[in-house]
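The structure appears below as structure tokens.
There are 2 protein chains.
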Amino acid sequence: MTRAEENYIKTIFHLEGEDTHLISTNAIAEEMDTKPSSVTDMAKKLADKELIHYVKYQGLSLTEKGRRTALAIIRKHRLWEVFLVDKLDFSWDEVHEVAEQLEHIKSEKLIDKIDELLDFPKYDPHGDPIPTKDGKFQERDKILLSELPISGKGVCVGVKDTSPSFLKFLDKNHIALGHTIYVLDREAFDESMKIEIDDRQFHISNQIATNLYIKQLN
Amino acid sequence: MTRAEENYIKTIFHLEGEDTHLISTNAIAEEMDTKPSSVTDMAKKLADKELIHYVKYQGLSLTEKGRRTALAIIRKHRLWEVFLVDKLDFSWDEVHEVAEQLEHIKSEKLIDKIDELLDFPKYDPHGDPIPTKDGKFQERDKILLSELPISGKGVCVGVKDTSPSFLKFLDKNHIALGHTIYVLDREAFDESMKIEIDDRQFHISNQIATNLYIKQLN
DNA sequence: AATTAAATTTAGACAAATCTAAAAATATGT
DNA sequence: ACATATTTTTAGATTTGTCTAAATTTAATT
């Protein structure tokens, strides 16, 4: 597998999400910052390798083989992210770029040993689940902070937006995974919320609340 | 810099060795298992980037900029080798292949943090020196075991041949870096030697003796 | 249902890195 | 020194992954 092929497979996996629908070449082109015609070319190659189902003009989706391939790449990406944060003191807004490179290193032994060194972590620094060696992964039972009712309570378990700017904002306000959040109030007008974390009270916009994943506590 | 460019620069550095002489396209082609015409093409590109001096039909050599580039790549390669052995329990005959990939990861912070994690090692698992961040490196004061006189003594500090087959041979006979070797006898006919390591006596061929580096003790 | 708009594919081109085969330059041997 | 052998370069082709522009298919609209 070439690096380009791996990047396409990974992108298709992310665009598929939960439900099984066909992905358009346009959507992939947009996501990967490339042209639809390039996606068409690659689609033919990936279909030849039986990594995707591809019907001209209709769209494409991963085969079982493609899905396994995607999960192997994502496993590597997320394990490297944990390594960078836990062992090399990278902050969670710096890891993506480097992990994008490291995920393409070809050595089964290497990634298994990294897994072992990290004591088999289940989640990456952004709260995303790490697939096991055999491609299984348990998505956490989580909701968006914006879905928590007033006087609801939950633990912050992940971020939806993983852009450095959002992550740095959270750092600045000492919002990190594992902290408990209480919803004190919500403004109907703009959906902004008043919350409490570690005895500190905050006012956060709806844009923040729709990008924080919470494990509801009661 | 592309991966191919980096591999050429690295190979040229290794072929130059100590003295400053021009490297032939043929020599590079042989070393890299490619064709001389491909080397010529790349030579033009590297000369354009001022990484090498290149005179048609005469040969090529690294510029100061090229040398710095080579040392940066070699630094990464050797640090990753130490990481694999010290932190992930790879054996010294498995690390080269993986380090060949890891050396191309582009992140200054990453390699500096790996350096720190390893406590700034000076030598890689095969005894080769690791260049510092600013491209300095101290070659050890070493000789080949074959150059040690009878009843001479020294510490094994490196290997010349780093092929898995040679390294596995050494493992099998419990010859490792850091052990002290005494030369008990030498056979004039085939240059084979009788040596002692850790109270065990060995008979080794000249081919072995010319691939083990020794720091002479007296 | 016909026309227009949007999405997708094809055709042809390009850059990087490689190759083969032929041409040019350098080295060797008597 | 001249002929031959070797080395090196050029020219043209190939593969991978990309692009633009044109053609085709599908979707939307009146």
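From first to last, the protein sequence lines stand for chains D and Y.
Just so we're aligned, residue 4 is where the first sequence starts under our numbering, counting upward by one.
Just so we're aligned, residue 4 is where the second sequence starts under our numbering, counting upward by one.
Note that CB positions come from ideal geometry on N, CA and C, so glycine has one too.
Helix, strand or coil: how does DSSP classify residue i here?
i: Y:L148; result: helix
i: Y:E194; result: coil
i: Y:D188; result: strand
i: Y:T72; result: helix
i: D:H107; result: coil
i: Y:E84; result: helix
i: Y:E100; result: helix
i: D:L225; result: Given that chain D is displayed from residue 4 to residue 221, the structure contains no residue 225 of chain D and the question cannot be resolved.
i: Y:D36; result: coil
i: Y:D115; result: helix
i: Y:D92; result: coil
i: D:I31; result: helix
i: Y:I211; result: helix
Between which two residues does the beta strand (DSSP E) holding residue i run?
i: Y:I153; result: Taken as a continuous stretch (DSSP letters only), Y:I153 belongs to no beta strand (DSSP E), as it is neither H nor E.
i: Y:F205; result: R203 to I207
i: Y:L215; result: L215 to Q219
Considering just the uninterrupted stretch of the alpha helix (DSSP H) at residue i, what are its terminal residues?
i: D:T14; result: R6 to E19
i: Y:I55; result: No alpha helix (DSSP H) contains Y:I55, which is instead part of the beta strand (DSSP E) from I55 to V58.
i: D:L170; result: P167 to K175
i: D:S64; result: Run containing D:S64: none in the alpha helix (DSSP H); it sits in the beta strand (DSSP E), G62 to L65.
i: D:T43; result: P39 to D51
Where DSSP assigns a beta bridge to residue i, which residues make up the other side?
i: Y:H24; result: Partner(s): none; Y:H24 has no beta bridge.
i: Y:I77; result: According to DSSP, which records beta bridges pairwise, Y:I77 is partnered with nothing at all.
i: Y:T183; result: Y:V158
i: D:E199; result: D:Y185 and D:Q204
i: D:G138; result: In the DSSP output, where bridge partners are listed per residue, D:G138 has none listed.
i: Y:P132; result: Y:Y126
Sort the options by Cα distance to residue i and report the nearest one.
i: D:H80; options: D:S154, D:H99, D:T213 and D:E199; result: D:H99
i: Y:I153; options: Y:R189, Y:L170, Y:I108 and Y:E199; result: Y:R189
i: D:H177; options: D:G155, D:I200 and D:L74; result: D:I200
i: D:H129; options: D:N29, D:S195 and D:S166; result: D:S166
i: D:K59; options: D:L187, D:N29 and D:E34; result: D:N29
i: Y:Y216; options: Y:C159, Y:G181 and Y:I55; result: Y:C159
i: Y:F172; options: Y:L63, Y:D96, Y:I31 and Y:E142; result: Y:D96
i: D:S110; options: Y:V101, Y:I184 and Y:K116; result: Y:V101
i: D:D164; options: D:T213, D:V186 and D:I146; result: D:T213
i: Y:A46; options: Y:G20, Y:V186 and Y:N10; result: Y:N10
i: Y:I184; options: Y:I15, Y:D131 and Y:H206; result: Y:H206
i: Y:S149; options: Y:D193, Y:G138 and Y:D51; result: Y:D193
i: Y:G62; options: Y:Q104, Y:M4 and Y:L18; result: Y:L18
i: D:T72; options: D:I12, D:Q104 and D:A7; result: D:I12
i: Y:V186; options: Y:I77, Y:D202, Y:K175 and Y:D174; result: Y:D202
i: Y:E21; options: Y:F140, Y:M196, Y:K197 and Y:Q219; result: Y:F140
i: D:F86; options: Y:E8, Y:P39 and Y:L91; result: Y:L91
i: D:T5; options: D:I31, D:K48 and D:F16; result: D:K48
i: D:I26; options: D:K175, D:I211 and D:L65; result: D:L65
i: D:K52; options: D:S40, D:R70 and D:S41; result: D:R70
i: D:F123; options: D:L113, D:K112, D:H182 and D:T135; result: D:T135
Given the structure, does residue i come close to the ligand GDP, in the sense that its CB is under 7 Å from one of the ligand's heavy atoms?
i: D:D22; result: The ligand GDP is absent from the structure shown, which contains no ligands of any kind.
Using a Cβ-Cβ cut-off of less than 9 Å, give me the residues of the region 78-106 of chain D that come near chain Y, in sequence order. Taking 9 Å as the Cβ-Cβ cut-off against chain Y, the residues of the region 78-106 of chain D that qualify are L87, K90, L91, D92, F93, E97, E100, V101, Q104 and L105.
Select from the region 120-148 of chain D all residues with a C-beta closer than 8 Å to any C-beta belonging to chain Y, and list them in chain order. Listed by position, the residues of the region 120-148 of chain D near chain Y (Cβ gap below 8 Å) are L120.
Residues in the region 173-192 of chain Y having any Cβ partner in chain D nearer than 9 Å: Cβ contacts with chain D come from no residue of the region 173-192 of chain Y.
Mind listing which residues of the region 55-81 of chain D have their C-beta closer than 9 Å to chain Y's C-betas, in chain order? Cβ contacts with chain Y come from no residue of the region 55-81 of chain D.
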